[in-house]
């Protein structure tokens, strides 16, 4: 057509795959356009004309449909009502897309589905919202295996091997069965069942049974080491608990329950005098509070964590004596820098017993990496404990686009802690200083 204007840039020497020549291609196009500016001038519009032209072309958004009904298409073992309870879209009101996307994200976070999508439908009932939730094709069972090795320059070492099994979707409300077994220096065998009581999983009950066999070192303020009483105990405990709880927010949980334990402590390694042996019974009402917004449990880059529990042991509940025990731990992580590779982590932990007997099942322990680094693993034992640590770590590796990521970190820690026998002895003056320099990798193993 004679009225057409053809702009043909000179692309000599530039091929279809020469994406690295983008700047040159832009320049050639600009030069070809400017060479025809006299022919293009009659097509130009002033600001008002362009605004009118743009307004005439603007597409008016279609009105959002009014939702008359909601249908759930779900093939997972979890009840459809668990999904429906989290969809806040009101019936008889226009579709609220942003709220629906947030609700679907909350449902997906329950981790039962591979994909969750929605579409609009209509029939004789009116306009409908169909939520399609496809269960994970790899199932609900998770099996984990692990190996833990701790050694020091003196040649002593501790080895533990074990595994855990998690079964989700045991009930239509989303019940979960968790079992664990570990053998080696520390023996652990336990199982618990998490059972939600309502569709939104706000309330729950958790029964628990377990067995634990720990090593407790006698070095500390509780025994007169000058008298030659050194060594370790094996503390064995059979545990049973039942707790009821509430998920206050996505990141906060509170529990209240009863525990009943029976156990014994026996001298294992003894140097000098013989360590005392004994049996014990524990019965208590307990409460626990957990807040967790850490981005990563082992290498946190942002967020915070807090956990505290309190136990009131009473003879009426099966305990050998009346006493109280509580502990708390808090952690905060903050990253900085243009690429957020630098992270500062602050950690504090404390535990105290009130009127507890001087026996190893009542001891808190310090010693080991990030637990008074440089001291032997759980070397110090006492009925009162305090610990604080400040860490700096830097990520050496760049973020990977691969599904399997193995970021590497270099870091350092400054620590202080101590154990005491009685609460009246607790103070900052006799804290033991410690620290570490470390190179670590967050690997799939």
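Residue numbers (our numbering): 521 to 965.
We put the beta carbon where it would ideally sit given N, CA and C, even for glycine.
To the nearest angstrom, report how far apart residue i and residue j are at their CA atoms.
i, j, result
"residue 582", "residue 652", "24 angstroms"
"residue 608", "residue 618", "11 angstroms"
"residue 999", "residue 862", "Here the chain covers residues 521 to 965 and nothing more, so residue 999 does not appear."
"residue 681", "residue 667", "4 angstroms"
"residue 875", "residue 752", "23 angstroms"
"residue 928", "residue 641", "49 angstroms"
"residue 768", "residue 723", "9 angstroms"
"residue 626", "residue 864", "30 angstroms"
"residue 562", "residue 556", "11 angstroms"
"residue 944", "residue 964", "46 angstroms"
"residue 606", "residue 623", "6 angstroms"
"residue 869", "residue 847", "8 angstroms"
"residue 538", "residue 552", "19 angstroms"
"residue 912", "residue 867", "12 angstroms"
"residue 541", "residue 571", "35 angstroms"
"residue 792", "residue 674", "21 angstroms"
"residue 575", "residue 559", "26 angstroms"
"residue 970", "residue 823", "The requested residue 970 is not part of the displayed model; the chain covers only 521 to 965."
"residue 879", "residue 662", "38 angstroms"
"residue 676", "residue 705", "12 angstroms"
"residue 812", "residue 771", "5 angstroms"
"residue 523", "residue 532", "27 angstroms"
"residue 628", "residue 715", "19 angstroms"
"residue 573", "residue 567", "10 angstroms"
"residue 889", "residue 602", "43 angstroms"
"residue 721", "residue 960", "37 angstroms"
"residue 569", "residue 525", "21 angstroms"
"residue 554", "residue 643", "57 angstroms"
I think residue i touches residue j, with their Cβ atoms under 8 angstroms apart; what is that distance to the nearest whole Å?
i, j, result
"residue 707", "residue 699", "That pair is no contact at about 15 angstroms."
"residue 599", "residue 693", "6 angstroms"
"residue 794", "residue 783", "Between residue 783 and residue 794 the Cβ distance is about 20 angstroms, and since that is not below 8 angstroms, they are no contact."
"residue 850", "residue 819", "In fact, because the Cβ distance is near 18 angstroms, the residues do not count as touching under 8 angstroms."
"residue 937", "residue 907", "4 angstroms"
"residue 765", "residue 726", "7 angstroms"
"residue 871", "residue 905", "5 angstroms"
"residue 604", "residue 592", "6 angstroms"
"residue 983", "residue 737", "Limits of the chain in this structure are 521 at one end and 965 at the other, which puts residue 983 out of reach."
"residue 774", "residue 809", "5 angstroms"
"residue 761", "residue 728", "4 angstroms"
With 16 other CB atoms within 10 Å as the buried threshold, where does residue i fall?
i, result
"residue 897", "buried"
"residue 916", "exposed"
"residue 746", "Any answer about residue 746 is weak, because its pLDDT of 44 lies below 50 and its placement is not dependable; what the coordinates show is given next. Exposed, since its Cβ has fewer than 16 Cβ neighbours within 10 Å."
"residue 633", "buried"
"residue 814", "buried"
"residue 594", "buried"
"residue 580", "exposed"
"residue 930", "exposed"
"residue 948", "exposed"
"residue 546", "exposed"
"residue 891", "buried"
Tell me which same chain residues have a C-beta within less than 7 angstroms of the C-beta of residue i, skipping the five on either side of it?
i, result
"residue 838", "780, 801 and 803"
"residue 806", "777, 779, 829, 830 and 831"
"residue 902", "740, 741, 742, 883, 884, 939, 940 and 941"
"residue 672", "896"
"residue 860", "821"
"residue 586", "612, 613, 614 and 647"
"residue 877", "841"
Under 7 angstroms, Cβ to Cβ, is there at least one residue of chain C near residue i?
i, result
"residue 721", "Considering every chain present, this structure includes no chain C. It has just one protein chain."
Within a Cβ cutoff of 6 angstroms, which residues of the same chain sit near residue i, ignoring the five residues on either side of it in sequence?
i, result
"residue 844", "832 and 874"
"residue 697", "687, 690 and 713"
"residue 702", "680, 682 and 708"
"residue 962", "819 and 927"
"residue 684", "664 and 700"
"residue 669", "679"
"residue 529", "548, 549 and 552"
"residue 856", "862"
"residue 650", "591, 639 and 641"
"residue 656", "634"
"residue 759", "730 and 781"
Go through its chain and collect everything with a Cβ distance to residue i's Cβ below 8 angstroms, but skip five positions before and after it.
i, result
"residue 588", "611, 612, 645, 646, 647 and 648"
"residue 955", "893, 894, 932, 933, 934 and 935"
"residue 834", "803, 804, 805 and 842"
"residue 789", "751 and 752"
"residue 544", "534"
"residue 816", "962"
Open item on the list: Under 8 angstroms: do the region 753 to 762 and the region 727 to 744 share three or more Cβ pairs, one atom per stretch?
Closed with: yes
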